[in-house]
Amino acid sequence: MIGRRRFLASLFATPLSAAAQAAGSRTPRDLKITDVKVVVSNPGKSSLGNYVLVKIVTNQPGLFGWGDCTCSGSELAVAKFLDEHMKPGMLGRNPMRLEDLWQTLFFLPYYRSGSVHMSAISGIDMALWDIKGKVAGLPVYELLGGRARLKLLTYTSTGGRDNHDVEEGVRRLMARGYKVVKAQVSMPGAEGGYAVPPTERQREAMQQAYEGGVAPTEVWDPEPYVRTVAGLFAHLRKTVGDNIGLLHDAHERVRANQAVQLAKAVEPFNLFYLEDPLRPEHMDTIRQIRQQSATPIAMGEIFVGPWEGLQLVTNHLIDYVRHDLVHCGGITTGRKVAANCEPYGILTAWHGPGNISPVAHMANAHVSLSVPNFGIQEYSVGWPEAIHEVFSATPKFDAGYIDIEDKPGLGIEVSETAASKYPYLRRLRPLIRQSDDSAWPY
Ligand code: MG
């Protein structure tokens, strides 16, 4: 075991210590970006997609930063975009001019924004904050104002084929210490559902699809789903009680009016929040949800850029903002969005699934620790072993909360040697089809 730990430590031996030793060899004003490297890797062979990581190298020996540009479903598009279109705008520039670089790269392609461009900027932003923290010898959260709290309330998901399955999952997570759990259930008689573990048949079909180079398919019908959800929470409140935060993710999979129905139907069960009840295209309907239900609403995991969702904030139409820091513009955008929310009493709940890398989870933690209006941080424990081989750190879970170690920068390094052992695997997003074989959003 000690040998294994030493081996893992050796993979990350150089960066921080070298950066610290070299500190002072150049003033921050003399720093220049000398290289931008892109690493695409799938440690753990996840069906959720590959990680796209960016390493920004400087002219100070040993000083570099890591960021996460992962955009599940468009990984190679982001990697190519970084290399071909972002890198030339960065070489020779001072990495300390973070805000200026963010703006420069945003305006660089005339046709700007969108998930590919914003994922690229997000990872670059994280890497620049990592560099800035290493230069200062401080964790990034110190540069953002310091700890506004000592640990972060967290939640994770459980899903099952029926209410009893979900109840067991909730109990398992409560036993691990979770104070808040997201609960998802299949439609009656259906094989799967959003955040419900696939059956063996589904797993095999998915594998066959990957091998055939086509996208796997899943069946989803919104109407029976909407009829099912309130019953799940009635069951859970009756069986696991009121001493647990429960939330639910509609994942933008319902029609606009069904979202209103859903928010009203679950109101008696006091959800922590209802997540993403509306598609971005249907956002006007959110006023009806507010007028007809007191269920707290969280929105925004597929918003790109700092401005998407701004009117939901300034009109106080949501209770939690949940941009994904890997798609909205990184740490810089996260702190700006949080600042916009603060006067409205809207709290943060940054998107934190397994298909963004531990680098992004560390970035989430730095922003969450430092903003006054933090609400909750999505985070799942139990990374595959390959993740620990590639990444030097992950947030630490303890009794329903997470925290990170006090290290300069983001406090995480990436072993390029280990990452190269887990090359790109094409993992197409599933096609969601209704029972009549019509298209539906994921
Ligand atoms: Mg979600």
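In the numbering used here, the protein residues as written are 213 to 654. Yeah, the Cβ is synthetic: ideal placement off N, Cα and C, and Gly gets one too. Model, not experiment: these values are computed from the prediction.
Looking from the CA of THR544, the closest CA among PRO273, SER327, ARG238 and SER334 belongs to SER334. Beyond the five residues adjoining it in sequence on each side, ASP247 comes within less than 7 Å, by CB distance, of VAL269 in the same chain, given in chain order. GLU380 is not a Cβ neighbour of LEU448, given a cutoff of 8 Å. Near the ligand MG, residues with a Cβ at less than 7 Å from any of the ligand's heavy atoms are ASP461, HIS463, GLU487, ASP488, GLU513 and HIS563; the list follows chain order.
Rounded to the nearest whole angstrom, the C-alpha separation of GLY457 and LEU364 is 15 Å. Look at the beta carbons and you see the stretch 310-330 not touching the stretch 559-571: under three pairs across the two are nearer than 8 Å. Only exposed fits HIS376, as fewer than 16 other CB atoms lie within 10 angstroms of its CB. The alpha-carbon separation between LEU265 and PRO480 amounts to approximately 43 Å. From the listed residues ASP488, ARG502, GLN414 and PHE319, the smallest Cα separation to SER259 is found for GLN414. The alpha-carbon separation between GLN396 and GLY542 amounts to approximately 28 Å.
For THR451, the enclosing alpha helix (DSSP H) has its first and last residue at 434-451. Taking a cut-off of 8 Å on C-beta distances, the stretch 429-446 touches the stretch 464-475, as three or more cross pairs fall below it. Taking all protein chains shown into account, GLU601 has 16 or more neighbouring C-beta atoms within 10 Å of its C-beta and is therefore buried. In this structure, the beta-carbon distance from LEU385 to THR411 does not fall below 8 Å. Per the Cβ contact rule, the stretch 501-516 is not in contact with the stretch 311-323 (fewer than 3 Cβ pairs under 8 Å).
DSSP places ALA471 in the uninterrupted alpha helix (DSSP H) bounded by 468-477. Taking a C-beta distance under 8 Å as the contact criterion, ASP280 and VAL571 qualify as a contact pair. Rounded to the nearest angstrom, the Cβ distance from PRO255 to ILE599 is 5 Å, consistent with a contact under 8 Å. Taking the C-beta atoms as reference points, GLY277 is found nearer than 8 Å to GLY621.
Here the C-alpha atom of GLU430 lies approximately 28 Å from the C-alpha atom of ILE501. DSSP places THR366 in the uninterrupted beta strand (DSSP E) bounded by 364-372. Sequence-distant partners of ASP618 (beyond 5 residues in either direction) whose C-beta falls short of 7 Å from its own C-beta, in its chain, are PRO351.
Between VAL393 and THR366, the beta carbon gap of about 10 Å keeps them out of contact (Cβ cut-off 8 Å).
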